[in-house]
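Residue numbers (this note's numbering): 299 to 445. A virtual CB, placed ideally from N, CA and C, is assigned to each residue, including glycine. Written below as structure tokens is the structure these notes are about.
Next up, the structure:
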């Protein structure tokens, strides 16, 4: 499994982000490239404590089951449901959101020893689990746009 904590693999993700442009077409889903970039920032913000999510009883029950599935080696499936606060309903500036996502990825690496202990849906999360989740989520959405 690749890691955002590995400098070469983190740079690979950053290079993929910078390769996106206004003409990047999605292969599935509904988001534009700029919406995807903003969307991809949300779980990183959760991990470093910059975004708090509300949860409900259903997620508290299903969260650990979903987490177990997401931690497996396989890539995320296409068209998975998303938390309502991660949905972007406007078209932000692509270049600004590329830089914002890159900054957050670097901040995630810098704060690897101070990550949130508990995910609002998946429960207790180790540093390694956060890394797996965020690598796979970011990779998933970059693959969505063919990069």
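Proximal residues to residue 428 (C-beta, below 6 Å), its chain only, five neighbours per side dropped | Setting aside the 5 residues that flank it on each side, residue 428 is surrounded in the same chain by 345 and 413, each with a C-beta closer than 6 Å to its C-beta; the list follows chain order.
The alpha helix (DSSP H) with residue 345 in it runs from where to where?
-> Start and end: 331-345.
Is it a yes or a no for the region 317-335 touching the region 383-394, going by three-plus beta-carbon pairs under 8 Å?
-> They touch, by the three-pair rule.
Return helix, strand or coil for residue 376, following the three-state DSSP convention.
-> Here residue 376 carries a coil assignment [DSSP, helix/strand/coil].
Residues bridged to residue 417 [DSSP beta-bridge criterion] | DSSP output for residue 417 lists 421 as bridge partner(s).
What are the boundary residues of the alpha helix (DSSP H) that residue 305 is part of?
-> Boundaries of the alpha helix (DSSP H) harbouring residue 305: 305-316, taken from the DSSP string.
Three-state class that DSSP yields for residue 383 in the structure shown = In the structure shown, residue 383 sits in a helix (DSSP, three-state: H, G or I).
Helix, strand or coil at residue 358 [DSSP, three-state] | Residue 358: helix per DSSP, three-state reduction.
Does DSSP put residue 409 in a helix, a strand or coil?
-> In this structure, residue 409 counts as coil in the three-state DSSP scheme.
According to the Cβ coordinates, are residue 370 and residue 423 closer than 9 Å?
-> No, Cβ-Cβ distance for residue 370 and residue 423 is not below 9 Å.
What did DSSP end up calling residue 398 once you bin it into helix, strand or coil?
-> In this structure, residue 398 counts as helix in the three-state DSSP scheme.
Below 8 Å on the Cβ atoms is my guess for residue 327 versus residue 377; work out the distance and round it to an integer in Å.
-> The C-beta distance from residue 327 to residue 377 rounds to 6 Å, short enough to meet the 8 Å contact threshold.
Is DSSP giving residue 404 helix, strand or coil here?
-> In the three-state reduction of the DSSP assignment, residue 404 falls in the helix class.
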